[in-house]
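Number of protein chains: 4
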Amino acid sequence: MKTKTLLITILFLATLTLTAQRRILNTPELPGYVTLKCDFHSHTVFSDGLVWPTQRIGEVWRDGLDVIAITDHIEYQPRKQYIPVDHNAAWKIAKSTADNYNIILVHGTEITRSMPPGHLNALFITDADSLNKPEFMDVIAAAVRQGAFIQWNHPGWKSQEPDGIPKMYPVHKELIAKGWLHGIEYYNDVEFYPLVMDMCHDNKLALMGNSDIHGVISEEFMEPEYTHRPMTFVFAKERTLESLKEAMFARRTAVWYGNSLAAFEEYAAPLFWSVVSAGAPFKDDGKAIWFELSNSSDMTMDLTGGPEGAPSTLKVPANGMVVVKADRKYLTEPIPYSVSNIITGSTSVLKVEIRPAKK
Amino acid sequence: MKTKTLLITILFLATLTLTAQRRILNTPELPGYVTLKCDFHSHTVFSDGLVWPTQRIGEVWRDGLDVIAITDHIEYQPRKQYIPVDHNAAWKIAKSTADNYNIILVHGTEITRSMPPGHLNALFITDADSLNKPEFMDVIAAAVRQGAFIQWNHPGWKSQEPDGIPKMYPVHKELIAKGWLHGIEYYNDVEFYPLVMDMCHDNKLALMGNSDIHGVISEEFMEPEYTHRPMTFVFAKERTLESLKEAMFARRTAVWYGNSLAAFEEYAAPLFWSVVSAGAPFKDDGKAIWFELSNSSDMTMDLTGGPEGAPSTLKVPANGMVVVKADRKYLTEPIPYSVSNIITGSTSVLKVEIRPAKK
Amino acid sequence: MKTKTLLITILFLATLTLTAQRRILNTPELPGYVTLKCDFHSHTVFSDGLVWPTQRIGEVWRDGLDVIAITDHIEYQPRKQYIPVDHNAAWKIAKSTADNYNIILVHGTEITRSMPPGHLNALFITDADSLNKPEFMDVIAAAVRQGAFIQWNHPGWKSQEPDGIPKMYPVHKELIAKGWLHGIEYYNDVEFYPLVMDMCHDNKLALMGNSDIHGVISEEFMEPEYTHRPMTFVFAKERTLESLKEAMFARRTAVWYGNSLAAFEEYAAPLFWSVVSAGAPFKDDGKAIWFELSNSSDMTMDLTGGPEGAPSTLKVPANGMVVVKADRKYLTEPIPYSVSNIITGSTSVLKVEIRPAKK
Amino acid sequence: MKTKTLLITILFLATLTLTAQRRILNTPELPGYVTLKCDFHSHTVFSDGLVWPTQRIGEVWRDGLDVIAITDHIEYQPRKQYIPVDHNAAWKIAKSTADNYNIILVHGTEITRSMPPGHLNALFITDADSLNKPEFMDVIAAAVRQGAFIQWNHPGWKSQEPDGIPKMYPVHKELIAKGWLHGIEYYNDVEFYPLVMDMCHDNKLALMGNSDIHGVISEEFMEPEYTHRPMTFVFAKERTLESLKEAMFARRTAVWYGNSLAAFEEYAAPLFWSVVSAGAPFKDDGKAIWFELSNSSDMTMDLTGGPEGAPSTLKVPANGMVVVKADRKYLTEPIPYSVSNIITGSTSVLKVEIRPAKK
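The structure is reproduced here in structure tokens:
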């Protein structure tokens, strides 16, 4: 029948549209690892999102990310009048598109409770339907048996914590004690929770940051305000699902959001130096030297707190450079700065020492 | 139960997101009428689209349109494994959101057959489920009984007409003879079909242009290539569903696509003059005069074929103006131009006469 | 000689380049007047600017302004080694280009002294060379004899007032007493001085705001940070030099800078209502009403301080609209807001009352 | 005196403005060399340009270029009524700013005659005043004695060659015979001359492309139409004036304009492969393979003429990638394409063979 041929053609065209173009994200990268750009929190029509699962693959592919988890709510199913509940449907639908675009699709779901415990994502699961149980601890236990990485979502979300401050409740401490909590969202959608830096540090959990997108990425995170969605960097040995999982349980993560990066000290410094470099002085008038400070990433670096005889602030533009004029003594001494948009703790930012290159 | 409160909160927030901001489209307008900006062809997850119906309302609201028809395929239901077939679902879901945003939602559907007859939209229907019949003529008859406006979609679509040229088959002539065909798409998605100008003119049908969007509007029609989706202008007596319908059956329409406008002569000239005006000469050196030519619309006007003693071409920018230097004789004679981006027939464009204003 | 023909051709082409396109600025306008968009402070290579005078005409023409004053420094002539001092040269060079583009060119100069008195522009002069005198009061007297409007520039400029706070010195009071001071810059380049609102109000002086451009406008005031240069609105009876001058001495001015407008009460409210309008309620559910609030200008309106039962803030976008959902009581009562980006005094902003239109 | 301090402050601030930010151009680069981005043709107020010489340094610095030549006309001095003729002034004024920004400033001038010989730039000169002689050959001889590189400018400029086609006149052949002509502009402003590819190839001359800017770079070469000015790539051993000169006389150049690159075969292929790479197949369904094709430059690569079993065209986006689906046979055979925007001759473009990487 002719109609069939026609329909196949339509389908084929729809698929082609996805092809379009993929942007390359020029981000700081951790030497010795593959820096995977990941979004571990997103929704579709299979809970309260506005898009079909394949749209999520198209978005991450075009935006230059490597990994997406679709994490529809288990307990919140506002579309069920029209779409029969199937907690694995989004995963099944999106998988072949992900394979066609070399995107790593993480099977996940969002366990959606009032606070405490709040909302938690179970990632790297094998069956979401089996996580639809009344008792919260039973759900987590089942997810952990599937090998899940458990992420506590937006712990300071004002709908659940009116003061916006994340708090560790007994249930969270119990999860940690059991080894059943592996990461916390420091950043979600357009909010961030500074205390999560300490909560992750003190409890040896991974720092996470995700879009929690319900609508369309390009409408929520638009220029000029946003040049990219919030995302988690995972420093993996290889670009595979297995390596990704290993790296997450090993807590090798950082969070890129707006024009800021949140990362623990051990990662923050090498990330910075992977993209910033100082040239040799190109002018020396006997009093001062002039040299270039370059930044090869898509993230502007905001240096503040410069010392006497050097610029007090330096905004090193994304994919750009500035000229630094500094005292001659800095031929031999380093110039200390704070990088005010690389966050290393709830009250600390990265400290760096700039040294002009040798000729 | 706490969860319920929470869930309602989530829903409320999702709704708020739509609020954002609505753009005002500064388009040519037909004096004496309200120019409604309309898209009569769009899809959702209820056939082969990628979005939930409310997304279509958010898009038209933000983009400054007045009217949207969701026209999911009747015969093509690739999501039926996950979403039970309900041809009225998209309409039911989107209606209350449309009401909250003052958007006129037209109940529609796409009758999806191989060529001939090809694809046709039935607009202003009351029940799409009842149009799911095997015989094409039975479907149209049923739609017409519901009061439908029948639009023939993309008649030169290459998947159905490999040479890209629209052709009137006997079935189309039969529809016209019965008064069962009311408009044809001159423009669809990113394609246009020049011959449709003649087909509409000769058969007294309305000229239509629509997005046929399956994915996300802001991803398909992006700057700098596109500043707006393709749309149909309908010149209505009032901004109501009834006036809209009256105007469409009366064929008071035009099509705005890319930076072009397709309209029959009777509308093209007043549309042009609703936004373009010439100032009085501000300089006169005895040989030449200088005057301003302004354009208050979002559409650049491309004037070509200027006579001796005047600029051969004039590109009057959207929301801008140019200075025209012309022979003094044009103080008393009009300056003839073709407006190459206002299309009035398959082989004709609008002719205008520019006259500087009197002091 | 062939070379001559060639050179004339080059000159002609250079002139044509200016033609390009002029943007129309959609600004609030004072009913009953022509709102002239003016920049009364700019520099060229004839003092310390980086451009030839005709570039200043091209810039204002393209940017949609009506009036420009070139105000090179009298006492600061860093280019004199290469360009012989001629304080009227910029005016002479730019005049014919201004005439070709219907731009009103104001003959001006900047009297450049240390503080007090600081820098002052003399506008509407006839000869700048004659203002090159050692005694400051002699210069002002001479300018006033030429019919000049005297503007005190950037009174809180940190290079002259390290605390950034403008101060009336005896010399300024003397100027005012003599009627020799007519306006003060509230805004200059990227700085604004709140106290100037009071200084102008109390002394019956005109509020001024200008670019003080030395380099290139499109490089200094770029999107997304700036959509236009700072400018003075002058509410004139006609678009002529004479009407401009009359309006300025009558202090009918306002200042548009960034996304803010500074204007005294008598102008602020009609300016706001010239572009903002509320529609009739399009929905009424018995508890609340829904209506549109539209803004036809290029300036976003920031409404804050909304009452119970109405949105606490409303950001009405440039060339756009929002939907307002408010208590039914606002069918009969006005909804009070502050317009936080329309400044009416050193500590006050415009108060407005929003009323949905009658059906 | 206070005024002095003030004035110095003003000067200092003006200098700082230039600092702003420098963009990094991600262009194809020739392995083994430093690819210097150069503009060898620009004007200032010292002939018929609209800007002061330091503006030219600010522009190239911000735009990421390495080299600028200011080449004001010797014979065309329309500003001489205001600016005494000094053919070396622009060089003297701009040199210290260039030194402060690590920009290589080439001392140059434009010898401006009717055609033939037309306009020629003398680059790397030591004194432009001494080139102001009536006899053309005397001028070139004098320039060559100064060590000049002689570039023939816009040989098909319609003001001098009404048919737009460059022609070798006897005078040009004489220059070549004497070794007094070293390069020809293939691209100038917004025009290009295909035959120059052959003229340079056959006569062993360097391919040149420049802005010939008279106004302001950011106004002439604006997004979305232009993302950069036209420029000459020079493949130098080091980033020094001497290396630059050596490379130019050795004809190691290419031209980047719009989204095209003109380069002789020996450079075109390595330039392409310096930024384009194919990944290993990430999917293999037994019939077809899928792999990524990436482009790390700011220049989109347009591949056309693909064979059976592979995409007929591939638009590999700037800083982006596409997915290629191709027949399994291309695991072992290369896939041939033309790169339609890398021009290698008057009628030829670069041919490449794409091979997916080994796993």
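Chains as they are written, first to last, in this note's numbering: chain A, 775 to 1133; chain B, 775 to 1133; chain C, 775 to 1133; chain D, 775 to 1133. In this text, a Cβ means the ideal position worked out from N, Cα and C, and glycines have one as well.
Specify, as a first and last residue, the run of the alpha helix (DSSP H) that residue i falls within.
| i | result |
| --- | --- |
| W1047 (chain B) | 1039-1047 |
| D912 (chain C) | 910-919 |
| T871 (chain D) | 863-874 |
Excluding the five sequence neighbours on either side, which residues of its own chain have a C-beta within less than 7 angstroms of the C-beta of residue i, listed in chain order?
| i | result |
| --- | --- |
| L839 (chain D) | K811, C812, D813, M1005 |
| I914 (chain D) | I924, L949, W954 |
| K1028 (chain A) | The amino acid occupying residue 1028 (chain A) in the given sequence is Ala; Lys does not appear at that position. Hits under 7 angstroms: L981, F1007, L1035, A1036, A1037, Y1041, L1045. |
| S1017 (chain C) | A1010, K1011 |
| I784 (chain B) | Legend: pLDDT at I784 (chain B) = 38, less than 50; position of this residue unreliable, value from coordinates given subsequently. Around I784 (chain B): no qualifying Cβ. |
Is there at least one Cβ from chain E nearer than 7 angstroms to residue i's Cβ?
| i | result |
| --- | --- |
| P936 (chain D) | The displayed structure is made up of protein chains A, B, C and D, and chain E is not among them. |
Considering just the uninterrupted stretch of the beta strand (DSSP E) at residue i, what are its terminal residues?
| i | result |
| --- | --- |
| P1108 (chain C) | Premise fails: P1108 (chain C) is in no beta strand (DSSP E) and is neither H nor E. |
| I939 (chain C) | Premise fails: I939 (chain C) is in no beta strand (DSSP E) and is neither H nor E. |
| I877 (chain D) | Run containing I877 (chain D): none; DSSP gives neither H nor E here. |
| W1064 (chain B) | 1062-1069 |
| N895 (chain A) | 893-897 |
| V1050 (chain B) | 1050-1052 |
| G1094 (chain B) | 1094-1101 |
| E1125 (chain B) | The sequence given here has Lys at residue 1125 (chain B), not Glu. K1125 (chain B) -> beta strand (DSSP E) spans 1122-1128. |
If you draw a straight line from the alpha carbon of residue i to that of residue j, how long is it in whole angstroms?
| i | j | result |
| --- | --- | --- |
| G806 (chain D) | R1013 (chain D) | 13 angstroms |
| K1132 (chain B) | A1100 (chain B) | 15 angstroms |
| F1023 (chain A) | T828 (chain D) | 56 angstroms |
| A864 (chain C) | F820 (chain C) | 7 angstroms |
| L790 (chain B) | I831 (chain B) | A caution first: L790 (chain B) carries a pLDDT of 35, below 50, which makes its placement in the model unreliable, though a value can still be read off. About 13 angstroms. |
| Q934 (chain B) | V970 (chain B) | 16 angstroms |
| G1080 (chain C) | V859 (chain A) | 42 angstroms |
| Q795 (chain D) | I842 (chain A) | 35 angstroms |
| I1109 (chain B) | S1051 (chain B) | 13 angstroms |
| S870 (chain C) | D963 (chain C) | 27 angstroms |
| K1019 (chain A) | S985 (chain A) | 19 angstroms |
| S1070 (chain D) | H815 (chain B) | 39 angstroms |
| L787 (chain A) | L879 (chain A) | Residue confidence is low: L787 (chain A) scores 36 on pLDDT, short of 50, so the model does not pin down where it sits. Its coordinate-derived value is still stated next. Near 23 angstroms, if we compare the C-alpha coordinates of L879 (chain A) and L787 (chain A). |
| W1064 (chain C) | S1086 (chain C) | 15 angstroms |
| P908 (chain A) | N977 (chain A) | 27 angstroms |
| S1114 (chain A) | L897 (chain D) | 45 angstroms |
So, for residue i: in the same chain, excluding its five sequence neighbours on each side, which residues have a beta-carbon less than 6 angstroms away from its beta-carbon?
| i | result |
| --- | --- |
| P890 (chain D) | Y943, V945 |
| S1068 (chain D) | S1051, M1095 |
| A1142 (chain D) | No answer is possible for residue 1142 (chain D): the residues shown for chain D start at 775 and end at 1133. |
Return the chain-ordered list of same chain residues with a C-beta closer than 8 angstroms to the C-beta of residue i, the five sequence neighbours on each side being excluded.
| i | result |
| --- | --- |
| K1089 (chain D) | T1074, M1075, D1076, L1077, V1096 |
| W826 (chain B) | T818, V819, I867 |
| E1066 (chain D) | A1052, G1053, F1056, M1095, V1096, V1097, V1098 |
What are the residues in the stretch 983-1001 of chain C lying within 7 angstroms of chain D by C-beta distance?
H988, G989, V990, S992, E993
Kindly provide the ranges of any beta strand (DSSP E) runs that are 3 or more residues long and lie completely inside the stretch 951-1029 of chain C, ordered along the chain.
957-962, 980-984, 1005-1010
Start-end ranges of the beta strand (DSSP E) lying completely within the stretch 800-839 of chain D, minimum 3 residues
808-813
So if I threshold CB-CB distances at 7 angstroms, which residues from the stretch 1075-1094 of chain C count as touching chain B?
P1091, N1093, G1094
Selection of the stretch 1095-1120 of chain A by Cβ proximity to chain D, strictly under 7 angstroms:
M1095, V1096, V1097
When you check each C-beta in the stretch 810-844 of chain A against every C-beta of chain D, which residues fall closer than 7 angstroms?
none
Beta carbons nearer than 8 angstroms to chain B: which residues of the stretch 854-866 of chain A have them?
Y856, I857, P858, D860, A863
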